[in-house]
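K.L.:
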Amino acid sequence: MKQTGREASNSSCAPESLLAAAPGQGQASVLYPDPVIASRDPAISPGSLKLDLYASAVTLEHLGGRGVLEGSYVEVRNGLSCGEWFGAFDSKNRFQYAHSDPRFQETLSYYTGDRFRARLDELRYLAPVEPVRIVAHCDLRNNAYFQFAPDSAGRLYPRVCLSDSSLTKGAYYSDDAAVTIHELQHATTTDLYTGGKRSEQLNQFYYDEAGALNEAVSDFVALVALAPAVPENFDPRQFSRWALDKFTPGFRGTRGANRCPEYDSRFGSRCGGFPGLSSEANTVSYVYPDGLGWPYADNFTGADKVRQAFNLYPAKEEIHNTGLLVTGALFDLYETLKLSHGERLAEGLVMKAVLEAIRHLPRPTAANRSPVTFRGFAATLLEWGPAVGLSREDLDAAERIFTERGLVGGRMLEAGWAQRGEGTPESPGVRIEDLPQILKSWLGTPDAIPQGIETGRNNKLDPGEVVALWFDLRNVSEVTAGGILLKVTSLDPDAVSFLGYEANPGFVAPEETQIFYSKINGTAATAALTSGLYPIATSNSYFKTVPEFRSRPVTPVWIKVSPTAVRGQVVTLRVEAMPSNGSAAIVEFPITIN
Amino acid sequence: MRTRALILSFVIATALWRFTRPVSPGPLSEVAPAPSNPPAYLPARPFEAKASAQAVATATPAAVGSRGLTWEGLQAKYGKGLRAEFGKGGRLASLRGVPGGVPGSADFSPDDPDEVIRRAREILVDARQLLGLQDSLPVEISATKTNPASAQVFFQEHSEGLQLAPQGKIVVDLGPKGELVGLDSDYVPDVRPAKAAVLAAEEAVRRALAALPEPLRQAKVEGGARLIWLAGRDARLAYEFFVEGRQVVVDAENGRILWLRDRRES
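Chains as they are written, first to last, in my numbering: chain B, 8 to 601; chain X, 932 to 1197.
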């Protein structure tokens, strides 16, 4: 058990033997949904000494009756002080603690989790059915996550970890109900999509629209569950105004469901420039697919914020970021349905529509290792909406909203949209990373990289090498390509073949693998971003749309060059590029063995 | 009519026995004996089907069953609106239908796990030929999801008594009246037998930890079930571990890391 000063003064764990005594309800003191809303003070910080002044008395429901935070829907343990045993304990279920007491976070986690999962049960979408274990003050720093974990008997249980911040004193992820609900929703999404298999999830590749959808649903569900608690002068579309916004000094990581990011010049007028894309006008709209990859929070200064966002934000394809567009579309739907159905019914309808759609999403096959797309999800939601009670008017509204967001209809990529791009001077059309130090750190298995630096720094294919390779697809259409699955085939498998699953998550066979690119600018988007006062150094190719592609091992394919490959031989990799918004295109990449 | 329905159900259930067999669980340090009779498991209540990862389809020994339908036959029975995607070798990879298509039996309810499983099995029997199902590579039910709107049944392929990974899944998606609205399959019909394990479990644990970044090498290792890991058609006997949410698959013959993935969702 780890000990800190905080535990030394407040440490208390429940006894090992718990006897049934207490009733099913309890009393608690919480800052719900987060200290900003509880205090009505946007400037309040985790270090504030006044947090306890804003706590509210609430009733805890569905308690199991052993005097700990254990109930029908969630149970809350303490990770750091009690080795994941129960922390808070009271034979009369009185869980009222000061914020500085670690049991405060446990109690708030229980209150949040119980309310949320009880609502899922009421809607008949409780999944998994067993209680989710929430570990407050878990053994992690600066993040939170969900997993299916095995207990000592090997039995799987769903587990959410809510950590403490190491960057800001007094900052606990458990204090942010949006984070708690986001993670709990991962349990539901995974259970519905995989049948509860711990080794599977909606995400297939490190970055794909399936993974982004997973994050978008979690953000959306948290927003809509907490919206009734958000007063009028606060933005109900802001996700995690506490943890993501305040825990990292000098950086705001908050996300949101608005139609544009915070640094859009018309964010303050409810994104008045929607839909639009212009570096000069500082306009970015979360419309698919041009709106993919733009961060939400305004961490930029100066007049050219959109350009700065492009230049400085390194995670354009990261799934928490690309999911923003879907989060916003779903919240648009919720607010529209609220006008006709009222808040509670609208929340129930949209939740059921989303959860039912997840059940019907396609599963991976060898033909398509990552078949879930944003547009596919929207279509599925519209198809199954009637089954959960959406009326014709509701569906018309949903279709209109999804169309505005580019998730339905719109102009599609025409045949022949993709060609071979410039690539790199060393290897036209592609980029090859062959430096062994980098590759070994990426793969984590040093033995898999046979080359030394004699050949391993020329960014070419040499006989006997293992390399990471990216394709510079060029988009000659006006329309931006979104959600592109690449099916890559080696037409010379005796010379070049693909590593297995240890490197290629899209592995199909030694001569075939798949990977996913989030977006390739069309010529129209390129023109909007490269012209005017603040031109951005981008273009209509993958390498120029996502310039950071080369710095992380998330979108390459891993290739093995046969030791007997002939120098000077030209090998061909054929790429079938399948965007979610248009026709597939086949492009061949001839590469000369060095 | 009732008698005919019963006979039909019997024929379907017994036909399915040909490729649904009991499996042995595979803990880290010892192999449990295979059950002598296939345990009958059908969920009593919605959502409880997933409680057992070793759920086995009800089976009764029977004669050789149907060879399955052709694509035209499947469309004729389940709806001409069905759209299919075929993969390599012409095997069925995906099917898509629409709610409101050809219904199942009059007794069907998506809230009734027995009916849901019965319908899913019926579909698998009919699609057997298209899917390439083999008696030597049976499928087991790993989960059933039911609610008033729809139902899904998850099947997992097995080889030599062990679960296949990362492929070998079939998911049958049913509408409110039992209509076939979706089917996805990455079933592999030509799995070569895996070689016997030579790596002791303890050594496999050591290899798993060595593959992780330093802070995790002191962490607790969980899992250790054996499975058949597919890389193309190459089947490798392997151990599957979880280390603080990281899934690590270790080749049981040579200790190579076959797969390493962080399964935590943040």
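Cβ coordinates follow ideal geometry from the N, Cα and C atoms, glycine included. Predicted model, so just to flag it, every value in this text is computed and none were measured.
Does R1050 of chain X have its Cβ less than 8 Å from a Cβ in chain B?
P.N.:
Judged by the 8 Å Cβ criterion, R1050 of chain X is not in contact with chain B.
K.L.:
Exposed or buried, what is D401 of chain B when buried is set at 16 or more other beta-carbons lying within 10 Å of its beta-carbon?
P.N.:
That one is buried.
K.L.:
Using the Cα positions of P977 of chain X and V361 of chain B, report the straight-line distance between them to the nearest angstrom.
P.N.:
Low per-residue confidence applies at P977 of chain X: pLDDT is 27, beneath 50, and the placement is therefore not dependable, though the value from the model is reported in the following sentence. For P977 of chain X and V361 of chain B, the distance between alpha carbons rounds to 20 Å.
K.L.:
In the DSSP output, which residue or residues are listed as bridge partners for N482 of chain B?
P.N.:
Beta-bridge pairing links N482 of chain B to B:A425.
K.L.:
Report all residues from its chain with a CB closer than 7 Å to the CB of L209 of chain B; omit the five preceding and five following residues, and keep chain order.
P.N.:
Counting only Cβ-Cβ distances below 7 Å, and skipping sequence neighbours, we find T196, T197, Y200, A217, G218, L220, N221, V379.
K.L.:
Can you give me the C-alpha to C-alpha distance between R418 of chain B and S590 of chain B, rounded to a whole angstrom?
P.N.:
Those two C-alpha atoms are separated by around 12 Å.
K.L.:
Please tell me whether V139 of chain B and A194 of chain B are closer than 8 Å, where the distance is taken between their beta carbons.
P.N.:
The answer is yes: Cβ separation under 8 Å.
K.L.:
Measuring alpha carbon to alpha carbon, tell me which residue in B:T545, B:G489, B:L498, B:I593 is nearest P586 of chain B.
P.N.:
The residue with the shortest Cα to Cα distance from P586 of chain B is B:G489.
K.L.:
State yes or no: is the C-beta of R262 of chain B within less than 8 Å of the C-beta of S247 of chain B?
P.N.:
A contact, by the Cβ cut-off of 8 Å.
K.L.:
Which runs of the beta strand (DSSP E) fall wholly inside the region 528–578 of chain B and span at least 3 residues, in chain order?
P.N.:
Counting whole runs of 3 or more residues, the region 528–578 of chain B contains the beta strand (DSSP E) stretches 564–568.
K.L.:
Let me see if you follow: with CB-CB separation under 8 Å, is A1015 of chain X close to chain B or not?
P.N.:
By this cut-off, A1015 of chain X is not an interface position.
K.L.:
Using C-beta distances below 8 Å, list every residue in its chain close to R1164 of chain X, excluding the 5 sequence neighbours before and after it, in chain order.
P.N.:
Same-chain partners within the cutoff: V1119, D1121, V1122, R1123.
K.L.:
Please state whether DSSP places D146 of chain B in a helix, a strand or coil.
P.N.:
It is a strand residue.
K.L.:
Between F596 of chain B and L476 of chain B, what straight-line distance do the alpha-carbon atoms span, to the nearest angstrom?
P.N.:
Roughly 11 Å between the two C-alpha positions.
K.L.:
Classify V577 of chain B as buried or exposed, calling it buried when 16 or more other Cβ atoms lie within 10 Å of its own Cβ.
P.N.:
Exposed.
K.L.:
Report yes or no: is there a C-beta of chain X within less than 8 Å of the C-beta of V395 of chain B?
P.N.:
So, interface residue.
K.L.:
Considering only residues of the same chain and omitting the five flanking positions on each side of G33 of chain B, which have a CB-CB separation below 6 Å?
P.N.:
L67, L70, N100, F102.
K.L.:
What residues from chain B crowd round W1002 of chain X, counting only those whose CB sits closer than 9 Å?
P.N.:
Ordered by position in chain B, no residue passes the 9 Å Cβ test against W1002 of chain X, which lies about 16 Å from the chain.
K.L.:
From the beta carbon of R1157 of chain X, is the nearest beta carbon of chain B less than 8 Å away?
P.N.:
Output row for R1157 of chain X: interface = no.
K.L.:
For E363 of chain B, name the three-state secondary structure that DSSP assigns.
P.N.:
DSSP places E363 of chain B in helix when its eight states are reduced to three.
K.L.:
For D297 of chain B, which residues of its own chain have a beta-carbon under 6 Å away from its beta-carbon, when the five flanking residues on both sides are left out?
P.N.:
Only L284, T487, A532 meet the Cβ criterion.
K.L.:
List the endpoints of the continuous alpha helix (DSSP H) containing K253 of chain B.
P.N.:
Its alpha helix (DSSP H) spans residues 250–253.
K.L.:
When you compare each of B:S63, B:V357, B:V483, B:V186 to S398 of chain B by their alpha carbons, which one comes out closest?
P.N.:
Checking every option, the nearest Cα to that of S398 of chain B belongs to B:V357.
K.L.:
Where does I1188 of chain X fall in DSSP's three states?
P.N.:
The answer is strand: DSSP assigns I1188 of chain X an E or B state.
K.L.:
Say whether chain B places a C-beta atom closer than 8 Å to the C-beta of Q1006 of chain X.
P.N.:
No, because no Cβ of chain B sits closer than 8 Å to the Cβ of Q1006 of chain X.
K.L.:
How many Å lie between D183 of chain B and G54 of chain B at the Cα?
P.N.:
Roughly 15 Å separates the two Cα atoms.
K.L.:
Taking C-beta to C-beta, are R1157 of chain X and A1169 of chain X nearer than 8 Å?
P.N.:
Result yes, Cβ atoms of R1157 of chain X and A1169 of chain X sit closer than 8 Å.
K.L.:
Cβ of W391 of chain B less than 8 Å from any chain X Cβ?
P.N.:
So yes, W391 of chain B belongs to the interface.
K.L.:
Which residue marks the beginning of the beta strand (DSSP E) containing G1154 of chain X, and which one marks its end?
P.N.:
Counting along the chain, the beta strand (DSSP E) containing G1154 of chain X begins and ends at 1152–1162.
K.L.:
Could you tell me how far apart the beta carbons of V495 of chain B and Q521 of chain B are, in whole angstroms, since I believe they sit closer than 8 Å?
P.N.:
Indeed they touch by this definition, with Cβ atoms about 7 Å apart.
K.L.:
Go ahead and label Q444 of chain B buried or exposed: buried means 16 or more other beta carbons lie within 10 angstroms of its beta carbon, across all protein chains shown.
P.N.:
Q444 of chain B is exposed by the Cβ-count criterion.
K.L.:
In three-state terms, what does DSSP make of Y152 of chain B?
P.N.:
Y152 of chain B: strand per DSSP, three-state reduction.
K.L.:
Output yes if chain X places a C-beta closer than 8 Å to the C-beta of T452 of chain B; else output no.
P.N.:
Judged by the 8 Å Cβ criterion, T452 of chain B is in contact with chain X.
K.L.:
Nearest-angstrom Cα distance between L174 of chain B and D158 of chain B?
P.N.:
Taking the straight line from one Cα to the other gives about 31 Å.
K.L.:
Rounded to whole angstroms, what is the Cα-Cα separation between D305 of chain B and A151 of chain B?
P.N.:
Each residue's Cα considered, the two are about 23 Å apart.
K.L.:
Taking the beta strand (DSSP E) that G335 of chain B falls in, what are its first and last residues?
P.N.:
Unbroken run through G335 of chain B is the alpha helix (DSSP H), 331–348; no beta strand (DSSP E).
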